[in-house]
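Novice: Okay, here's the structure, questions in a sec.
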Amino acid sequence: MITSETVPIITMRSITKRFGGVTALENVDLDIRAGEVLAIVGDNGAGKSTLIKILTGVYQPTSGEITMNGAPLVMNSHADSIAKGIDAVYQTLALADHLTPAANMFLGNELTRTFLGLRWLDNAKMKLEAERVLKERLGVTLRSMDAATESLSGGQRQAVAIARAVYSTDLKVLVMDEPTAALGPQETARTLKLIETIRDQGIAVVVISHSLDDVFQISDRVQVMRRGRRVGVVETAKSSSKQVLGMIVGANEIEESAA
Amino acid sequence: MSSTSATTPAALNFRERTEGYMSLIGPMVMILAILMVMAVLEPGRYFRLSNFDIILKEAALYMPMAMAMTLVIVTRGIDLSIGSVAALTAIVMGYMVKSWGYPWWLAVAAAISLGALCGFINGMVITRLKVPDLIGTLAMDLVYRGFCLIAVKGIVLSRFPEEIVAIGRGEIPGFLPLPVVIGLVTLAAGWFIYSRTHLGRYAQAIGSNPEAAELTGIPVDTYKVYVYALMGAMAGLAGVMLAGKLNAIQATSAPFFNLHVIAAVVVGGTSLFGGRGSMIGSLSGVLLLAMMINALVTLRMEFFWQSVASGVVIIVSVAFYTWIQRKDRDGKSSLLEMLLTPENRRMMKFLLTIIAILALIFGLGGLMGPPVI
Numbered sequence: 317m318i319t320s321e322t323v324p325i326i327t328m329r330s331i332t333k334r335f336g337g338v339t340a341l342e343n344v345d346l347d348i349r350a351g352e353v354l355a356i357v358g359d360n361g362a363g364k365s366t367l368i369k370i371l372t373g374v375y376q377p378t379s380g381e382i383t384m385n386g387a388p389l390v391m392n393s394h395a396d397s398i399a400k401g402i403d404a405v406y407q408t409l410a411l412a413d414h415l416t417p418a419a420n421m422f423l424g425n426e427l428t429r430t431f432l433g434l435r436w437l438d439n440a441k442m443k444l445e446a447e448r449v450l451k452e453r454l455g456v457t458l459r460s461m462d463a464a465t466e467s468l469s470g471g472q473r474q475a476v477a478i479a480r481a482v483y484s485t486d487l488k489v490l491v492m493d494e495p496t497a498a499l500g501p502q503e504t505a506r507t508l509k510l511i512e513t514i515r516d517q518g519i520a521v522v523v524i525s526h527s528l529d530d531v532f533q534i535s536d537r538v539q540v541m542r543r544g545r546r547v548g549v550v551e552t553a554k555s556s557s558k559q560v561l562g563m564i565v566g567a568n569e570i571e572e573s574a575a
Numbered sequence: 031m032s033s034t035s036a037t038t039p040a041a042l043n044f045r046e047r048t049e050g051y052m053s054l055i056g057p058m059v060m061i062l063a064i065l066m067v068m069a070v071l072e073p074g075r076y077f078r079l080s081n082f083d084i085i086l087k088e089a090a091l092y093m094p095m096a097m098a099m100t101l102v103i104v105t106r107g108i109d110l111s112i113g114s115v116a117a118l119t120a121i122v123m124g125y126m127v128k129s130w131g132y133p134w135w136l137a138v139a140a141a142i143s144l145g146a147l148c149g150f151i152n153g154m155v156i157t158r159l160k161v162p163d164l165i166g167t168l169a170m171d172l173v174y175r176g177f178c179l180i181a182v183k184g185i186v187l188s189r190f191p192e193e194i195v196a197i198g199r200g201e202i203p204g205f206l207p208l209p210v211v212i213g214l215v216t217l218a219a220g221w222f223i224y225s226r227t228h229l230g231r232y233a234q235a236i237g238s239n240p241e242a243a244e245l246t247g248i249p250v251d252t253y254k255v256y257v258y259a260l261m262g263a264m265a266g267l268a269g270v271m272l273a274g275k276l277n278a279i280q281a282t283s284a285p286f287f288n289l290h291v292i293a294a295v296v297v298g299g300t301s302l303f304g305g306r307g308s309m310i311g312s313l314s315g316v317l318l319l320a321m322m323i324n325a326l327v328t329l330r331m332e333f334f335w336q337s338v339a340s341g342v343v344i345i346v347s348v349a350f351y352t353w354i355q356r357k358d359r360d361g362k363s364s365l366l367e368m369l370l371t372p373e374n375r376r377m378m379k380f381l382l383t384i385i386a387i388l389a390l391i392f393g394l395g396g397l398m399g400p401p402v403i
């Protein structure tokens, strides 16, 4: 277990985001540490999604600053954040169901070979690489690398989407938006196992979830958001779901713990 | 995830193993059916080498377009303008060689390039002006056909240079006819594009999940335009082949290219809902339609029955693929039980009502006696 004294890889300080007259986030701080699962919880409209969209470069903050390993970090697009080693797995997974797992993993970033000055796709190499990444990084072996992605189970599809993110070897932060929202109990357990696997490889995992059960099972710390503000950060081991629930709905006053 | 790795290979079920060949089963079954029917009815005239030569030449005309249409449909698109594009490019080529004195090969290159330009315009209408592909290409079909009529009025351009005629119906001694070679080469190139290039991969991704394609950074609109431009170029090539085959071209040539090609592609197992396509399927679809039309001609059926047959083949094959892909086929225990659902009973009553009304109308006509002339 990583203690709260570990230096954060990413710090976000006093992040404010306004859309026209609406303030979505106000003076929000966020610390992300390597090898740690940080859960962000909160009611609908609490600002969770806006916060991670700023983290992944999709939105730019109105004010506030982000640092990575102490150096200021400015991202103008999602491509910028990927280049810095921050990637996201969306709730819909963004997979093309008719393509093979390997084609999905390399979609938009295909491996090619050159012959007679022409460049074409190296399907065999992509298949081998995909198989290797799935097995070595995630411990997943698919029944067939040639079957369409639509024939995979929910957990396996999640594995393909995560493999796409971790393939860039210097992935430092992985953001997962509602990873277990559409999954049954068995597939949820597998997905949580995947999250543990990549956390143990020293990657910081940020999970947005509505399921407090999952949050308490997987996370090291929980950041609670309410109405665009951070209402607190608790260490999962020293907290209870009752306490977190109270913070989400704003039932009790809390003093901020670890920061 | 040990639980998944426990069920390692060899666990593929029948459907997963046959999935890749599904696109061939449909056309193959229908081709076999045609062969069997013809073996009974007209074996002497159908199973002749010269007849298969005719079938292949008929099919060759549609092969380049079927290749490009496969890619278009894989992106969830459709192009209804190809007949007019083919006619327009052939007319321009005709003027170039006959009136303006261009060499034949420059005119052919111009026809293909002009086709690509037409396809590019289609692509821009769809991606930049955001006109849905069905409406956009239907409207552009009218535009291109209009240009054809403006250009030639009622004239028939004919007697092209022998090289152009060779592209349409030339024979290579001891080998396949030249247009068949051209058609097969374009289909082979199409297979390569589909499975080995960014264009093919992105076409599948766009058709399979447009949002995901966008999220992974694929320039979706750009690749759609590429696909439509390829479609236009192949329609231009088909225009050259048609002009050579008939050794004549006029403004109203190639009226049903669009539906014929879409039928061949869909019969070949390419999904109209995008993402799934097959070049080999499209080849067998083109061959099937050519064999069917040839069979109708051999049986001395009236020309207009071709239209009926083409429509029936499309419906049968699309229904077949939809049925194949259904996950819960065995929901009911017996066929009768399946037919007697409340909804089906209601449909049955509705159908009977319509038939009753028709019977009443015709019956009334009968009561009034024969028409007075």
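Protein chains in written order, with this note's numbering: chain F, 317 to 575; chain E, 31 to 403.
Yeah, the Cβ is synthetic: ideal placement off N, Cα and C, and Gly gets one too.
Report yes or no: is there a C-beta of chain F within less than 8 Å of the C-beta of E241 of chain E?
Specialist: Cβ-Cβ to chain F under 8 Å: yes for E241 of chain E.
Novice: Using a beta-carbon distance cut-off of less than 7 Å, what residues from the stretch 412-426 of chain F approach chain E?
Specialist: So the list reads A412, D413, H414, L415, A419, L423, G424 and E426, given in the order they occur along the chain.
Novice: Run through DSSP, which three-state label would E445 of chain F get?
Specialist: Residue state, collapsed to three classes: helix.
Novice: Quick check: the Cα distance between I85 of chain E and L317 of chain E, rounded to an integer number of angstroms?
Specialist: Taking the straight line joining both Cα atoms gives about 8 Å.
Novice: So does the stretch 342-350 of chain E actually touch the stretch 289-298 of chain E, counting three or more Cβ pairs closer than 8 Å?
Specialist: Counting Cβ pairs under 8 Å, three or more are found: they touch.
Novice: When we look at the beta-carbon of K364 of chain F and count the other beta-carbons within 10 Å, is it buried (16 or more) or exposed?
Specialist: Buried, since its Cβ has 16 or more Cβ neighbours within 10 Å.
Novice: Between A574 of chain F and chain E, is any beta-carbon pair separated by less than 8 Å?
Specialist: Confidence in A574 of chain F is poor, its pLDDT being 43 and thus under 50, which makes the residue's placement unreliable; the coordinate value appears in the next sentence. Answer no: the Cβ-Cβ gap between A574 of chain F and chain E never drops below 8 Å.
Novice: Here's the rule I'm using: 16 or more other beta-carbon atoms within 10 Å means buried, otherwise exposed. How should T34 of chain E be labelled?
Specialist: Bear in mind that the predicted position of T34 of chain E carries a pLDDT of just 41, short of 50, making it unreliable; the figure below should be weighed with that in mind. T34 of chain E comes out buried.
Novice: Rounded C-beta distance between R453 of chain F and A412 of chain F? I'm assuming under 8 Å.
Specialist: That pair is no contact at about 21 Å.
Novice: On the criterion of 16 or more Cβ atoms from any shown chain inside 10 Å, does K379 of chain E qualify as buried, or is it exposed?
Specialist: Exposed.
Novice: Can you tell me whether DSSP reads D171 of chain E as helix, strand or coil?
Specialist: Of the three classes helix, strand and coil, the one that applies to D171 of chain E here is helix, per DSSP.
Novice: In this structure, does DSSP put F335 of chain F in helix, strand or coil?
Specialist: It is a strand residue.
Novice: For R473 of chain F, collect the residues of the same chain with a Cβ closer than 7 Å to its Cβ; drop the 5 residues on either side in sequence, then sort them by chain order.
Specialist: The answer, listed in chain order, is L409, L411 and T465.
Novice: If you measure beta-carbon to beta-carbon, which residues of the stretch 93-111 of chain E are closer than 7 Å to chain F?
Specialist: Taking 7 Å as the Cβ-Cβ cut-off against chain F, none of the residues of the stretch 93-111 of chain E qualify.
Novice: Could you work out which residues of chain E lie near L444 of chain F, taking near to mean beta carbons separated by less than 9 Å?
Specialist: Neighbours of L444 of chain F on chain E: none; closest Cβ ~15 Å, over 9 Å.
Novice: For a cutoff of 8 Å on Cβ pairs, would you count Y406 of chain F as touching chain E?
Specialist: With 8 Å as the cut-off, Y406 of chain F counts as an interface residue toward chain E.
Novice: Where do the ends of the beta strand (DSSP E) carrying M492 of chain F lie?
Specialist: Counting along the chain, the beta strand (DSSP E) containing M492 of chain F begins and ends at V489 to D493.
Novice: If you measure beta-carbon to beta-carbon, which residues of the stretch 233-259 of chain E are closer than 8 Å to chain F?
Specialist: Cβ contacts with chain F come from Q234, A235, G237, S238, N239, E241, A242, A243, L245, T246, G247 and I248.
Novice: At the 8 Å Cβ level, is A340 of chain F part of the contact set with chain E, yes or no?
Specialist: A340 of chain F does not count as touching chain E.
Novice: So with Cβ pairs under 8 Å, would you call R226 of chain E a contact of chain F?
Specialist: So yes, R226 of chain E belongs to the interface.
Novice: Mind checking whether V353 of chain F and V489 of chain F have CB atoms under 8 Å apart?
Specialist: In this structure, V489 of chain F does not lie closer than 8 Å to V353 of chain F by Cβ.
Novice: By Cβ distance below 6 Å, which residues in the same chain neighbour D486 of chain F in space, the five residues on each side in sequence not counted?
Specialist: Correct list, in chain order: G401.
Novice: Between which two residues does the beta strand (DSSP E) holding S393 of chain F run?
Specialist: Counting along the chain, S393 of chain F falls outside any beta strand (DSSP E), and DSSP gives it neither H nor E.
Novice: In its own chain, which residues sit with a C-beta less than 8 Å from the C-beta of A575 of chain F, not counting the 5 before and 5 after it?
Specialist: Residue confidence for A575 of chain F is low, a pLDDT of 42 falling below 50, so the modelled location carries little weight; the figure read from the coordinates is stated next. For A575 of chain F, where only same-chain residues beyond five positions count, the Cβ hits under 8 Å are D345, D347 and V549.
Novice: Can you pull the chain E neighbours of A395 of chain F, defined as C-beta to C-beta under 8 Å?
Specialist: In chain order: G247.
Novice: My understanding is that A117 of chain E touches S283 of chain E, with C-beta atoms under 8 Å, so please give their C-beta distance in whole angstroms.
Specialist: The pair is a contact, with the Cβ atoms about 5 Å apart (cut-off 8 Å).
Novice: At which residues does the beta strand (DSSP E) containing R545 of chain F begin and terminate?
Specialist: Taken as a continuous stretch (DSSP letters only), the beta strand (DSSP E) holding R545 of chain F covers R545 to E551.
Novice: Pull up the distance between the alpha-carbon of M126 of chain E and that of P133 of chain E, whole angstroms please.
Specialist: Cα-Cα distance, rounded: 8 Å.
Novice: Closest by CA to I61 of chain E, which one among E:G298, E:P94 and E:A265?
Specialist: I61 of chain E has its Cα closest to that of E:G298, out of E:G298, E:P94 and E:A265.
Novice: Look up P83 of chain E in the DSSP assignment and say whether it is helix, strand or coil.
Specialist: This sequence places Asp at residue 83 of chain E; Pro is not what is there. D83 of chain E falls in the helix class under three-state DSSP.
Novice: Who pairs with T383 of chain F in a beta bridge, going by DSSP?
Specialist: F:T327 and F:P388.
Novice: Quick one: residues in its chain with C-beta nearer than 6 Å to the C-beta of M541 of chain F, no 5 flanking neighbours on either side, listed in chain order?
Specialist: The residues are G358, A362, G363 and K364.
Novice: Helix, strand or coil: how does DSSP classify S365 of chain F here?
Specialist: S365 of chain F: helix per DSSP, three-state reduction.
Novice: When the cut-off is 8 Å and only beta carbons count, does R231 of chain E lie next to chain F?
Specialist: Closer than 8 Å to some Cβ of chain F, the Cβ of R231 of chain E qualifies, so yes.
Novice: Quick check on this structure: which residue in F:R546, F:G566 and F:V538 has the alpha carbon closest to the alpha carbon of S556 of chain F?
Specialist: The candidate whose alpha carbon is nearest that of S556 of chain F is F:V538.
Novice: Could you list the residues in the stretch 304-331 of chain E with a C-beta less than 7 Å from some C-beta on chain F, going in chain order?
Specialist: Within the stretch 304-331 of chain E, the qualifying residues are G305 and R306.
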